Amino acid sequence: MRAVTELSDFLDFGWRHLERGEAEPDAAARYPVLATVSPDGAPEARTVVLRRAERDLGVAEIYTDIASHKIASLRAEPRAQLHVWDADSQLQLRLSTRVTLLDGAGLEERWSQLGGESRLSYGAVPDPGVTIPKADAYDKRGLFAHFAVLQCRILSIELVHLVTPHKRAVFCETDGWRGEWWVP
Ligand SMILES: Cc1cc2nc3c(=O)[nH]c(=O)nc-3n(C[C@H](O)[C@H](O)[C@H](O)COP(=O)(O)O)c2cc1C
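Counted from 1, the sequence shown has number 2 at position 14 by the working numbering; the numbering is strictly sequential.
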């Protein structure tokens, strides 16, 4: 990419990576790490699939099982971070978000668009994270009642780009995404 000197170009660069994550299975941003805080205050991070990244709305979406541990964490503390490292581009993205659970017609619409195989990820019996006597002692049922969509409203985006010289900037919703350069 040409040398980025404008904050707005840098933000565009970051968003192109997020949008690729939604559209392309091989993109680094397809598999962000979602970091939350457990109800007893411990950090917890796990890989997820980026299902949607919508710049105009400032929203990213993740699908999960309503019975998974992260739901209890998010009910206690709805702030969460999404982290992406794109080695090809030498770009790290950190999205600070506030998460709500989608309901109503939006939830049904997303369920109807999922293929049968993908639906199986939602509705494990017993619930995800429950102790079982052997590795395969569970069923995957694909239950709409277990399907949850995490709507992550993006509050800020931090980009770190390992070019020469290294570049780092932070963009916040509260300043209209104008952004500012930070020392890397
Ligand atoms: C490549 C990959 C993609 C994953 N995608 C998702 C996902 O989209 N949603 C999800 O809930 N878990 C996903 N998982 C499983 C999570 O990493 C995690 O193990 C699971 O959600 C339980 O986390 P929790 O106990 O903190 O809720 C994925 C795991 C891997 C390795």
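Here a beta-carbon is modelled for each residue, glycine too, at the ideal position from N, C-alpha and C.
Because the structure is a prediction, the values reported are computed rather than measured.
What three-state label does DSSP hand residue i in the structure shown?
i           : result
residue -4  : helix
residue 142 : strand
residue 152 : coil
residue 122 : coil
Would residue i and residue j be called neighbours here (beta carbons separated by less than 8 Å)?
i           : j           : result
residue 65  : residue 138 : no
residue 84  : residue 143 : yes
residue 35  : residue 21  : yes
residue 39  : residue 10  : yes
residue 117 : residue 57  : yes
residue 32  : residue 24  : yes
If you draw a straight line from the C-alpha of residue i to the C-alpha of residue j, how long is it?
i           : j           : result
residue 103 : residue 114 : 22 Å
residue 172 : residue 121 : 48 Å
residue 30  : residue 16  : 27 Å
residue 18  : residue 97  : 21 Å
residue 127 : residue 136 : 18 Å
residue 67  : residue 59  : 12 Å
residue 0   : residue 105 : 34 Å
residue 61  : residue 55  : 11 Å
residue 160 : residue 101 : 32 Å
Within the 8 Å Cβ cut-off, does residue i reach chain D?
i           : result
residue 164 : Among the chains of the structure shown, chain D does not appear; only one protein chain is present.
Using CA atoms only, rank isn't needed, just tell me which of the options is closest to residue i.
i          : options            : result
residue 27 : -5, 165 and 63     : 63
residue 51 : 74, 145, 75 and 88 : 88
Below 8 Å, can you find three or more Cβ-Cβ pairs linking the stretch 72 to 84 to the stretch 92 to 107? no
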